[in-house]
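In terms of this note's numbering, the sequence shown has 235 at position 178, counting the first letter as 1, and numbering is strictly consecutive. Here a beta-carbon is modelled for each residue, glycine too, at the ideal position from N, C-alpha and C. Quick notes on the structure that follows.
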Amino acid sequence: MGKPTVCFIGLGIMGKPMAANLLKSGYSLIVFNRTREKMAALVEKGAVAADSISYCARRADVTITMLPDSSEVSEVILGGNGVAESAKPNATVIDMSSISPVVSQKIGGILREKNIDFLDAPVSGGEPGAIAGTLAIMVGGSEAAFDKVKPILQTMGESVKRVGDIGAGNYAKLANQIIVALNIAAVGEAFALAQKAGLDPEALYDAIRNGLAGSRVLDAKVPKVMKRQFDPGFRLKLHQKDLKNVLETARQIHVPLPLTAIVQQMLTTLIADGKGDLDHGALVQFAEKLSGVTIQKNY
Ligand code: NDP
């Protein structure tokens with residue numbers, strides 16, 4: 058049996074390089090993107106451009122979505138002429154967006170009635186991980202459905218782990234996003250303090266990065282902050298969306314998350330200040346503004 062045909066919907070910062078890795082691994086790929094021009098680069102590499110969601114899903118064994126949040130994923134999968142109406146019975150739908158786990162469970166239930174397998178499989182690793190095919194992929198769904206599509210996920214991710222039933226992937230991603238956001242906020246406060254005290258941030262970074270304060274977040278964000286590079290990457294407004302989903306789901310299961318609530322307010326402040334489309338590394342600007350400093354090399 059040949060490789061399954063994959064339909065990929067949502068060619069944004071993440072979706073486009075993820076789809077490119079599927080092509081590179083020899084999968085037949087049909088793509089759909091709301092803004093049609095963004096399909097051209099993949100068509101040049103051998104993908105077929107679909108003129109509608111239904112055209113894409115109808116022809117595929119596996120449909121992947123990579124969209125902003127719960128409402129867009131619900132619209133594309135459950136809406137009129139959407140994936141649920143169009144996919145073949147026994148097809149598999151994998152949503153790789155970061156959305157509410159409660160919505161993943163709802164979508165999974167509706168698809169089950171149509172004999173369509175569903176997995177929520179959000180990712181971590183950012184645009185560099187998407188390009189390199191080294192994402193960490195956290196998967197929720199049945200073991201059988203997971204085993205069937207694991208080779209597809211392995212073309213996009215280095216670490217592909219099933220963490221439980223449908224919804225578990227997005228619970229894992231929410232946990233991931235708490236840790237990343239609070240880390241960036243802490244980095245902002247630490248470097249604002251050091252900068253105001255007259256330290257060279259590069260010297261501070263070199264001094265602490267191999268100690269207990271060292272982290273992937275520190276290594277990914279501090280060099281860019283020092284160069285004032287805030288082009289996304291991961292848009293700050295998408296991280297605010299993730300923490301909104303964290304707080305909503307936490308409320309439903311009675312889990313207080315005071316630190317997350319504060320950082321979500323910090324992100325909201327920056328969005329109100331017109332910074333929502335900057336990289337989430339710009340979260341350090343909250344601490345900068347409070348203390349009137351800019352974290353950059355002292356020349
Ligand atoms: P982008 O904003 O770059 O891309 C979003 C994509 O969704 C675009 O293809 C856009 O189409 C499409 N889209 C938006 N709304 C609709 C709609 N109503 N109907 C159909 N298509 C729609 O986002 P990212 O690629 O950065 O993020 C995608 C997901 O991945 C998010 O859930 C994010 O949280 C998650 N993620 C992002 C990471 C990152 O570093 N960027 C890292 C890990 C996870 P159009 O081109 O027409 O706008």
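- Val350: not part of any alpha helix (DSSP H); DSSP gives it neither H nor E.
- Remark: the shortest separation between the CB of Phe248 and any heavy atom of ligand 1 does not fall under 7 Å.
- Take the alpha-carbon of Arg91 and the one of Asp257: they are about 45 Å apart.
- Excluding the 5 residues flanking it on each side, Lys294 has same chain C-beta neighbours closer than 7 Å at Ile328, Gly333 and Asp334, in chain order.
- Within the same chain, Cβ atoms closer than 7 Å to the Cβ of Val220 are found at Met195, Val196, Gly197, Gly226 and Ala229, the five residues on either side in sequence being excluded.
- Cβ-Cβ separation between Gln252 and Val350: approximately 5 Å, consistent with a contact (criterion under 8 Å).
- Secondary structure within the region 265 to 326: the alpha helix (DSSP H) runs of 4 or more consecutive residues, fully enclosed, are 273 to 283 and 293 to 309 (chain order).
- For Ser199, no alpha helix (DSSP H) run applies, since DSSP gives it neither H nor E.
- Judged by the Cβ position, Leu340 fails to qualify as a neighbour of ligand 1 at the 7 Å threshold, every heavy atom of the ligand being at least this far.
- DSSP places Glu215 inside the beta strand (DSSP E), whose first and last residues are Gly214 to Gly221.
- One alpha carbon belongs to Glu142, the other to Ile156, and they sit about 21 Å apart.
- A heavy atom of ligand 1 is found nearer than 7 Å to the CB of Arg91.
- Beta bridge pairing from DSSP links Cys64 with Ile87 and Thr120.
- Under the three-state reduction of DSSP output, Ile241 falls in the helix class.
- For the set Ser127, Gly137, Gly268 and Glu94, the Cα lying nearest the Cα of Tyr112 is the one of Gly137.
- For Met213, the shortest C-beta to heavy atom distance toward ligand 1 is 7 Å or greater.
- Pairwise C-beta distances place the region 265 to 284 in contact with the region 336 to 351, as three or more of them are shorter than 8 Å.
- Per DSSP, the beta-bridge partners of Val180 are Ile194.
- When beta bridges are read from the DSSP output, Ile151 appears opposite Ile121 and Leu176.
- Assignment of Ala106 by DSSP, reduced to helix, strand and coil, places it in the strand class.
- The three-state reading of DSSP puts Asp263 in helix, counting H, G and I together.
- Counting along the chain, the unbroken alpha helix (DSSP H) around Leu135 starts and ends at Ser127 to Leu135.
- Set against 7 Å, the gap from the CB of Pro125 to the closest heavy atom of ligand 1 is smaller.
- Judged by their CB atoms, Ile188 and Ile151 are not nearer to each other than the 8 Å cut-off.
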